[in-house]
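Reviewing the structure listed below.
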Ligand code: FAD
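Numbering (the UniProt record's numbering), first residue to last: 42 to 511.
Right, here's the structure in full:
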């Protein structure tokens, strides 16, 4: 670990923003120390977010397939059951292997790692209460705040991580709840709801807004909601939770229409509160050095990720913008490139978003609603996976590709995919948008057969001309 010797870069927080920034800084020849309080690297994403949720999504999907799909493929067995502790153990193993992997990357790149809680004592000094009970002062010419975000609760609801859980508790339930109520129909709520629905819970999602996942293209969202409903997820939209009673065995939620009206009761064994996340800066001493934040507590930065305090930068979930791991990583790389005197760049219009349900929903660029609001004349090309040979071959054909292109130039403005592996398929579209491609460019690229990617080519053909297979 690093003592009082001065660093070129000190990163507070070892999540995807912080650890990537630290490695990149070291690769650029800067002497770098990363401070992390959790005792493990990888932040929210690796420890209690992206990775454990994807582990459980995959395990629960296998169980669901075994129950509902294997027989259609001629694979039969007499019984199938869930061993929840084993499922959780595989998730935990994935997490611990990956956190150790990042420690290995720190060693390889000569990033110093201090385990402890950092707080500013000046714009170039961080005091760290180390996890082993000691204290260290870490000095840096440049300090990057990458302290991420934390679960947000709702007024009047106390998260106890047993009956009323956050996403963190929902990733570690000891029993499969008979009834799970999810408050908030964002991607985290839908992913965790899917996990437990597949394992046998009756899942009801309560959402204040009139739609699930508000950032999604409306047409795709409608199909997506229907698909989730077919998977027996129930939705109570335009509904607000006004009371929570945990005095009995389970939980009784009192709900009423968002616009006011008659109250009803919804019962649950477990309630998942997934109503968003807040930037995390507690105990960091921002006020001591005078770092400016917005009303929501997000740290304000300029296009070089610099705060109002000279030498202090911020990246990732703690600054405004999409709260996504890959966005935090891009911030981290660009920020240290600027510090190293190079040029950094993040194009926030081309950050893909993925909901990892089954099927997945992935998108990049603008929704049809956004394009309409801009007043741009546009064309839409669509292709359903029902007409895609690979999807039919594997009997997993629910979904669609939708491409929106500018009418005059055919330039692609947005791509929305619902498909089993949409999160992988989307990157061809991200690349296309990055190169300002026209839909005809994708349509004329040779795509291997039979692949799901051919649906993207066909949707592109449908955008500027006609598809072949429908
Ligand atoms: P964080 O990952 O929050 O890391 C910040 C780190 O800083 C933490 O480890 C914290 O302990 C540490 N820290 C804070 N304060 C201090 C201090 N004072 N001193 C020392 N250390 C400190 N995003 C995706 O892109 N894809 C997904 O599939 C996805 N799934 C998710 C699922 C769930 C259930 C959740 C909760 C989130 C998910 N996210 C996903 C969001 C993703 O986790 C975040 O966007 C990402 O982790 C942000 O990275 P970060 O580095 O900014 O912050």
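Built from N, CA and C at the ideal position, the CB exists for glycine as well.
Just so it is clear, the structure is predicted and the values come from calculations on it, not from any experiment.
Using only the heavy atoms of the ligand FAD, determine whether one of them is closer than 7 Å to the beta carbon of residue i.
i           : result
residue 154 : no
residue 85  : yes
residue 365 : yes
residue 321 : yes
residue 518 : Residue 518 lies beyond the stretch modelled for the chain, which goes from 42 to 511, so this question has no answer here.
residue 141 : no
residue 419 : no
residue 334 : no
residue 100 : no
residue 188 : yes
residue 397 : yes
residue 158 : yes
residue 241 : no
residue 57  : yes
residue 317 : no
residue 256 : no
residue 489 : no
Using a Cβ-Cβ cutoff of less than 7 Å, which residues in the same chain neighbour residue i once the five nearest sequence positions on both sides are dropped?
i           : result
residue 65  : 373, 374 and 377
residue 329 : 161
residue 239 : 101, 102, 104 and 105
residue 108 : 121
residue 163 : 330
residue 43  : In this predicted model, residue 43 has a pLDDT of only 46, less than 50, meaning its place in the structure is not dependable; the value taken from the coordinates is given anyway. Same-chain partners within the cutoff: 74, 153, 155 and 179.
residue 491 : 430, 431 and 434
residue 281 : 249, 296, 297 and 299
residue 46  : none
residue 150 : 64, 67 and 68
residue 262 : 252, 253 and 254
residue 478 : 453
residue 85  : 56, 189 and 190
Whose C-beta lies closer than 6 Å to the C-beta of residue i among residues of the same chain, with five residues either side of it excluded?
i           : result
residue 505 : 451, 480 and 481
residue 502 : 484 and 508
residue 147 : 154
residue 337 : none
residue 210 : 202
residue 76  : 53, 155, 159 and 169
Would you call the CB atoms of residue i and residue j closer than 8 Å?
i           : j           : result
residue 463 : residue 417 : no
residue 184 : residue 360 : no
residue 316 : residue 224 : yes
residue 200 : residue 207 : yes
residue 406 : residue 474 : yes
residue 311 : residue 294 : no
residue 96  : residue 131 : yes
residue 499 : residue 424 : yes
residue 181 : residue 48  : yes
residue 80  : residue 172 : yes
residue 169 : residue 176 : yes
residue 50  : residue 380 : yes
residue 383 : residue 292 : no
residue 139 : residue 71  : no
Going by other Cβ atoms of all chains shown within 10 Å of its Cβ, with 16 needed for buried, is residue i buried or exposed?
i           : result
residue 509 : exposed
residue 212 : buried
residue 349 : exposed
residue 386 : exposed
residue 93  : buried
residue 429 : buried
residue 393 : buried
residue 304 : exposed
residue 354 : buried
residue 141 : exposed
residue 119 : exposed
residue 91  : buried
residue 214 : buried
residue 408 : buried
residue 113 : exposed
residue 358 : buried
residue 333 : exposed
Give me the Cβ distance between residue i and residue j, rounded to the nearest whole Å; I'm assuming they're in contact under 8 Å.
i           : j           : result
residue 308 : residue 57  : Not confirmed; about 38 Å, so no contact.
residue 83  : residue 143 : 6 Å
residue 265 : residue 246 : Rounded, the Cβ-Cβ distance is 12 Å, inconsistent with contact.
residue 274 : residue 244 : 5 Å
residue 455 : residue 404 : 7 Å
residue 410 : residue 259 : 6 Å
residue 232 : residue 397 : 6 Å
residue 314 : residue 194 : 6 Å
So does residue i have its beta carbon nearer than 7 Å to some heavy atom of the ligand NAP?
i           : result
residue 358 : Among the ligands present in this structure, namely the ligand FAD, the ligand NAP is not found.
Enumerate in chain order the residues of its own chain whose CB-to-CB distance from residue i is below 8 Å, with the five nearest sequence positions on each side excluded.
i           : result
residue 335 : 341 and 361
residue 389 : 362, 363 and 368
residue 117 : 111
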